[in-house]
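To start, the structure itself, in structure tokens.
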Amino acid sequence: MCPLVMQDNYDAAVRLYKVRTWRGVSPLYQSVLHDFQEQNHHQEYFSRVHMNMLWRFLPLWILLGRADSFGVTVPSSPILVVRGATALLPCEFEPDPTMANLVITWQREEDARVVHSFYYEKDQLDRQSSDYVDRTKLNREALAGGNASLSIVNIGLKDAGNYLCIVSNIKGTDRGVVRLVYVASYSEPRLSILLKSTNVTVQYEMEGYPKPEVMWLGSEGQNLTGDLEVSPASDGGLYYLKSSYVTQSPVFSVTFTLKNPAAHQELQRHVNLTYVDGLASCLYRHEACDRKVFSWRSKVWIE
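Structural data, given as structure tokens:
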């Protein structure tokens, strides 16, 4: 074979093997090119046998280069979703001009339950978990642009956890993990006051999720020792919380504080109470309620 022809074949092969990734020239290409350059002076290296081997492995090397460049992008931060709202789980990929080879699968990472599937250019929900029937949706118009984000309606406690977004097309296959965090804002605290011969109990009850931070503060802002009871989350995905403070003083002012950082929620409720000779009057939310006089040992609700 003429050295000039062999050199032309070498140059063509090198051009074909220049498969690049987003990180730069692929290590595979660098290795092949180095071997070519090291032995360029040996004409026998460019024999027909070696060129046939080169062309035989060319599709595999190109495929590996493409797979290395393909990627799925998901947020690193958790997705915070309020009880009953619609969640949008972001997932983006490098699109291909045709969707004929596009396969998208969303599933739970913990137990591999299928949340949503798409292939053959349509939704494929035969194997979808019963927990997600009629609750999931892909934006068909956005798929061509590389957006495989999934919507899930009516989020509840059982939906919290990790979701796998797996995407495959002619350019490769990749996956990403999206974490969904479930929260529920706590309801308006319900106040009750229990009067006894030796003490007074101020108590608040409410529901929400997850477990909050609770404090009782005195009139000078000092921390007071209170009692807290939290019942396990119900089927509705809410904790039932009961917090109380007991005092022997006939006149007191306390502030109940609840913080739910996950839901960006903070509540403060103030109670001033005075009781004399078996009768009690109170001030709640800066509104006088001394018109409501409560008999000794009675349980009083102030909404």
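Sequential numbering of the sequence shown, starting at 1, is according to the UniProt record's numbering. C-beta: ideal position from N, C-alpha, C; glycine also.
Please return the same chain residues whose Cβ sits closer than 6 angstroms to the Cβ of residue i, not counting the five positions on each side in sequence.
| i | result |
| --- | --- |
| P75 | P90 |
| residue 387 | Here the chain comprises residues numbered 1 to 303, so residue 387 is not present and cannot be evaluated. |
| T98 | none |
| R135 | I152, V153 |
| Y132 | V115 |
| G218 | L224 |
| A263 | V183, S185 |
| V200 | T247 |
| V214 | L228, S243, L258 |
| S130 | none |
Going straight from the alpha carbon of residue i to that of residue j, what length do you get?
| i | j | result |
| --- | --- | --- |
| N139 | F118 | 11 angstroms |
| Y29 | T73 | In this predicted model, Y29 has a pLDDT of only 36, less than 50, meaning its place in the structure is not dependable; the value taken from the coordinates is given anyway. Rounded to whole angstroms, Y29 to T73 spans 26 angstroms at the Cα level. |
| L180 | V153 | 13 angstroms |
| Y209 | I155 | 13 angstroms |
| P212 | H116 | 33 angstroms |
| K137 | S151 | 5 angstroms |
| L88 | A144 | 18 angstroms |
| D126 | I104 | 14 angstroms |
| Q248 | T198 | 6 angstroms |
| A160 | I79 | 10 angstroms |
| D96 | I166 | 15 angstroms |
| Y186 | V246 | 23 angstroms |
| D227 | S244 | 5 angstroms |
| I193 | L157 | 32 angstroms |
| V81 | G146 | 24 angstroms |
| E109 | V178 | 9 angstroms |
| N101 | T86 | 29 angstroms |
| Q268 | E94 | 49 angstroms |
| T257 | E92 | 41 angstroms |
| R83 | W216 | 27 angstroms |
| A233 | P261 | 18 angstroms |
Give the range of the alpha helix (DSSP H) segment to which residue i is assigned.
| i | result |
| --- | --- |
| A142 | 140 to 143 |
Sort out for me which residues DSSP pairs residue i with in a bridge.
| i | result |
| --- | --- |
| E92 | T73, N147 |
| D174 | V167 |
| Y120 | Partner(s): none; Y120 has no beta bridge. |
| N154 | Note: N154 sits in no beta bridge, so no partner. |
| S243 | Y204, L228 |
| H270 | T255 |
| L180 | I79, G161 |
| A87 | I152 |
Could you check if residue i is buried or exposed, using at least 16 other CB atoms within 10 Å of its CB as the buried criterion?
| i | result |
| --- | --- |
| L164 | buried |
| D111 | exposed |
| N162 | exposed |
| Y120 | exposed |
| E220 | exposed |
| A148 | buried |
| R170 | Reading the sequence as shown, one finds Ile at residue 170 and not Arg. The residue in question, I170, is exposed, as its Cβ has fewer than 16 Cβ neighbours within 10 Å. |
| E141 | exposed |
| Q128 | buried |
| residue 382 | It is not possible to answer for residue 382, since the shown part of the chain is limited to 1 through 303. |
| Q107 | buried |
May I ask which residues mark the beginning and end of the beta strand (DSSP E) holding residue i?
| i | result |
| --- | --- |
| V230 | 227 to 231 |
| R108 | 103 to 108 |
| S253 | 251 to 260 |
| L80 | 79 to 82 |
| E188 | E188 -> no beta strand (DSSP E), and no H or E assigned at all. |
| E213 | 213 to 217 |
Which same chain residues end up closer than 7 angstroms to residue i when comparing Cβ atoms and leaving out the 5 residues on each side of it in sequence?
| i | result |
| --- | --- |
| K242 | Q203, E205, E229 |
| L238 | A184, E207, G208, Y209 |
| S231 | Y239, Y240 |
| D235 | none |
Please go through the same chain and pick out, in chain order, the residues whose beta-carbon is closer than 8 angstroms to the beta-carbon of residue i, but skip the five residues on each side of it.
| i | result |
| --- | --- |
| D123 | H116, S117, L138 |
| R175 | V72, L164, C165, I166, V167 |
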